[in-house]
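Under the numbering used here, think of the first position of the sequence shown as 5, with each following residue one higher.
Just so you know, even glycine gets a beta-carbon here, dropped at the ideal spot from N, CA and C.
Following: one structure in structure tokens, then a few remarks.
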Amino acid sequence: MPRKRKKIRVLIAKPGLDGHDRGAKVVARTLRDAGMEVIYTGIRQTPEMIAEAALQEDVDVVGLSVLSGAHMALAPKVVELLKKEGMDNVLLLIGGIIPDEDVEKLKALGFKGVFGPGTLTQEIVDFIYKELGLEEPQPA
């Protein structure tokens with residue numbers, strides 16, 4: 005009998021005071037429908053709350069959704085706290101309203117995927133499977 009592979013565990017979080025979470029919920033549902041286990045923390049999360057949830061949930065991926073423009077203040081703090089907890093191997097993604105000039109800065113911080121408005125949700129699914137070196141499960 006083939007060994008069952010553990011599901012990819014993804015934490016989707018909304019750091020800061022941004023109260024708009026429709027996009028985060030759409031991404032969370034898409035990832036779940038693609039066979040991943042998704043933990044959505046809800047809105048108005050502090051970097052500390054996000055890092056603690058990632059640690060407690062033993063996630064493979066942390067995705068931040070930021071529409072407020074505070075990504076360059078919040079994202080580095082999340083990365084710092086994850087590293088402090090020994091979670092340097094977690095795949096980091098960020099999406100939302102990200103100006104072009106900040107994309108390389110975010111990648112330098114460790115965010116492998118930076119997704120802006122209009123990104124197809126399947127692109128995010130494919131990106132995660134590719135970055136983790138896994139094949140996407142085929143529909144039955």
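query: Would a C-beta distance cut-off of 7 angstroms place residue 113 and residue 66 closer than the cut-off?; result: no
query: Could you name the residues of the same chain whose beta carbon sits closer than 7 angstroms to that of residue 85, not counting the 5 residues immediately before and after it, in chain order?; result: 51, 52, 55
query: I'd like the span of the alpha helix (DSSP H) that includes residue 74, first residue to last.; result: Careful: residue 74 lies outside any alpha helix (DSSP H) and carries neither H nor E.
query: Take the Cβ of residue 42 as the centre, count every other Cβ of all protein chains shown within 10 Å, and call the residue buried at 16 or more, exposed below.; result: buried
query: Residues in its own chain within less than 8 angstroms of residue 31 by CB, not counting five upstream and five downstream?; result: 16, 67, 69, 99, 125, 128
query: Could you tell me the boundaries of the beta strand (DSSP E) in which residue 107 lies?; result: Looking at the DSSP string, residue 107 is not in any beta strand (DSSP E); the run it does join, the alpha helix (DSSP H), is 104-113.
query: For residue 106 versus residue 76, is the C-beta distance shorter than 7 angstroms?; result: yes
query: Once DSSP output is grouped into helix, strand and coil, what is the label at residue 48?; result: coil
query: Please list the terminal residues of the continuous beta strand (DSSP E) segment that includes residue 96.; result: 95-100
query: Taking a contact to mean a Cβ-Cβ separation below 7 angstroms, would you say residue 27 touches residue 47 in this structure?; result: no
query: Would DSSP call residue 135 helix, strand or coil?; result: helix
query: Exposed or buried, what is residue 60 when buried is set at 16 or more other beta-carbons lying within 10 Å of its beta-carbon?; result: exposed
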